[in-house]
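In what follows, a structure is listed as structure tokens, so that the remarks can point back to it.
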Amino acid sequence: MKETLHREVVIVGSGPAGLTAAIYAARAELRPLVIHGPQPGGQLTITTEVENYPGFAEGIQGPELMQQFEDQAKRFGTEFLITFVNKVDLSQRPFTLWTEEGHEIKAETLIVASGASAKWLGIPGEAPAPEGLGGLGVSACATCDGFFFKGKSIVVVGGGDTAMEEATFLTRYASRVTVVHRRDSLRASKIMQDKARGNPKIDFIWNADVKEILGTSETGVKGIKLQDNKTGEESEFACEGVFIAIGHKPNTDVFKDWLDMDAVGYIKTAGVSMATNIPGVFACGDAQDSVYRQAVTAAGTGCMAAIDAERFLDSLPVATPTGEEVTIEGEVVSADHEQITMPDGEVVSNHPDGQPPAEGANQPAVVYARPSTELPS
Ligand SMILES: Cc1cc2nc3c(=O)[nH]c(=O)nc-3n(C[C@H](O)[C@H](O)[C@H](O)COP(=O)(O)OP(=O)(O)OC[C@H]3O[C@@H](n4cnc5c(N)ncnc54)[C@H](O)[C@@H]3O)c2cc1C
Numbered sequence: 558m559k560e561t562l563h564r565e566v567v568i569v570g571s572g573p574a575g576l577t578a579a580i581y582a583a584r585a586e587l588r589p590l591v592i593h594g595p596q597p598g599g600q601l602t603i604t605t606e607v608e609n610y611p612g613f614a615e616g617i618q619g620p621e622l623m624q625q626f627e628d629q630a631k632r633f634g635t636e637f638l639i640t641f642v643n644k645v646d647l648s649q650r651p652f653t654l655w656t657e658e659g660h661e662i663k664a665e666t667l668i669v670a671s672g673a674s675a676k677w678l679g680i681p682g683e684a685p686a687p688e689g690l691g692g693l694g695v696s697a698c699a700t701c702d703g704f705f706f707k708g709k710s711i712v713v714v715g716g717g718d719t720a721m722e723e724a725t726f727l728t729r730y731a732s733r734v735t736v737v738h739r740r741d742s743l744r745a746s747k748i749m750q751d752k753a754r755g756n757p758k759i760d761f762i763w764n765a766d767v768k769e770i771l772g773t774s775e776t777g778v779k780g781i782k783l784q785d786n787k788t789g790e791e792s793e794f795a796c797e798g799v800f801i802a803i804g805h806k807p808n809t810d811v812f813k814d815w816l817d818m819d820a821v822g823y824i825k826t827a828g829v830s831m832a833t834n835i836p837g838v839f840a841c842g843d844a845q846d847s848v849y850r851q852a853v854t855a856a857g858t859g860c861m862a863a864i865d866a867e868r869f870l871d872s873l874p875v876a877t878p879t880g881e882e883v884t885i886e887g888e889v890v891s892a893d894h895e896q897i898t899m900p901d902g903e904v905v906s907n908h909p910d911g912q913p914p915a916e917g918a919n920q921p922a923v924v925y926a927r928p929s930t931e932l933p934s
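Take 558 as the starting number for the sequence shown in this note's numbering and just add one per residue.
Structure, rendered in structure tokens:
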């Protein structure tokens, strides 16, 4: 074994969610440890221009933005490890994480910010520039990149809800959107299909496999090479943008024996907090968000996860997915805030005088004191 580390806050992932959690936890003097994983800086490091991250009026290159996040986290004392978490034991606190490099890491609280990966076709021309045309006309995010395709002809690859949503959204900008699907019918739900099929700017090409994305780093995307999977016939289709919309995979496999997830692998969080089913483990960013998947929402939930971890370490109750609240000592506040189950099983009233409040009395069910250690200004 390489070394054993023991920290109050360990953050898995260094995308916008993980690094924002690090900035908050570091400023609360919790000396967080961030484990970079396979993609230091996260998904934005494989894109070019980011125009929708607030605070950068002229836009900013993805890698440069993520370097700013990292520098800000380092400024307040965040530690970093360049390695990959390949095993965890979340059965008791401190939680234990093992890395590919042989570290054993003990964590009083754990923030999972391991993100998600867009699924790709694995065809020539698809890789991020300079190897391919990724960022030069190839994208997997219409919200992020649709704006760059005003008046252009775009192809969307896929046949599920994601593809229908991306295609419909892209008609705001594009002159024409062509959905290319490898079957002769869509997998998308009826309502999404109806919206797309009823949109006069959307066409469909059926039973077609995309074999290659055509273009150069000078021209950007110029078209795609298609093969009809019924007849084998090959053809080229001219377009200026290609959106791959075949789904996303959260990077959460290493946690799957411990954390509650949906069928795809997105971690379930409380909604009103970033708590998971295990007290002391929080999740943020794309690892738990199948809907918004933006840098700013990832950063926002990273902030929430860090504040939740701070509260938990300060012995304050933190909401869980069941609606109950838990403390680090193991007290459980019922979802209606009426009672507390103590670690030894004793159930007590959650009212200051032990009595239920008089009807109509304006009495808070739980008294939330801010942590004595306020964030340093
Ligand atoms: C090409 C592209 C362009 C985009 N453009 C925009 C845009 O313009 N604007 C916008 O708002 N959003 C954009 N997005 C979406 C945005 O990048 C994501 O929503 C955001 O990065 C999610 O942040 P995150 O921190 O949750 O996860 P990620 O950025 O996915 O980071 C995950 C982190 O977890 C680490 N990790 C994973 N597994 C492990 C493990 N086992 N052990 C340790 N570490 C691990 C990874 O190395 C990585 O550091 C784009 C995405 C892509 C792919």
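No residue lacks a Cβ here, since even glycine has one placed at the ideal position from N, Cα and C. All values derive from a computational prediction rather than experimental measurement.
Inset, instruction - Could you say which of S746, T858, A664, V695 lies nearest to E769 if we only look at CA atoms? - result: V695
Legend entry - Classification of A922 by the beta-carbon crowding that lies within 10 angstroms, buried from 16 upward: With a pLDDT of 41 at A922, under the threshold of 50, the predicted position of this residue should be treated as unreliable, though the coordinate-derived value follows. Exposed, because fewer than 16 other Cβ atoms sit within 10 Å of the Cβ of A922.
Inset, instruction - Would you check whether ligand 1 has a heavy atom nearer than 7 Å to the C-beta of Y730? - result: No, the Cβ of Y730 stays beyond 7 Å of every heavy atom of ligand 1.
Legend entry - 4 or more residues per run - each alpha helix (DSSP H) lying fully within the stretch 589-659: The qualifying runs are 619-632.
Inset, instruction - Run through the stretch 712-758 for me and flag every whole alpha helix (DSSP H) of 4 or more residues, listed as ranges in chain order. - result: 718-727, 747-754
Inset, instruction - Report yes if the C-beta of I603 is less than 7 Å from at least one heavy atom of ligand 1; otherwise report no. - result: yes
Inset, instruction - Find out if the Cβ-Cβ distance for the pair D766, L783 is shorter than 8 Å. - result: Going by C-beta atoms, D766 is nearer than 8 Å to L783.
Legend entry - 8 Å Cβ cutoff met for H738 and G755: no
Legend entry - Nearest-angstrom beta carbon gap, D865 and A840 [assumed within contact, 8 Å]: No, A840 and D865 are not in contact; Cβ-Cβ is about 10 Å, not under 8 Å.
Inset, instruction - For A866, verify whether its CB is less than 7 Å away from any heavy atom of ligand 1. - result: no
Inset, instruction - Name the residue from P874, Q625, A852, V736 whose alpha carbon lies nearest to the alpha carbon of W763. - result: V736
Inset, instruction - Return yes when at least one heavy atom of ligand 1 lies under 7 Å from the C-beta of C701, else no. - result: yes
Legend entry - Test item: CB-CB of I824 and K676 under 8 Å: no
Inset, instruction - Give a yes or no on contact between the stretch 623-633 and the stretch 567-575, applying the rule of three or more CB pairs nearer than 8 Å. - result: With the cut-off at 8 Å, the stretch 623-633 and the stretch 567-575 touch.
Legend entry - Residue(s) in a DSSP beta bridge with F812: None; F812 has no bridge partner.
Legend entry - Residue ranges of each beta strand (DSSP E) within the stretch 783-870, 3 or longer: Those beta strand (DSSP E) runs which fall completely within the stretch 783-870 and span 3+ residues are 791-795, 798-801, 805-807, 838-840.
Legend entry - Beta-carbon gap between A892 and T884 smaller than 8 Å: Cβ atoms of A892 and T884: not closer than 8 Å.
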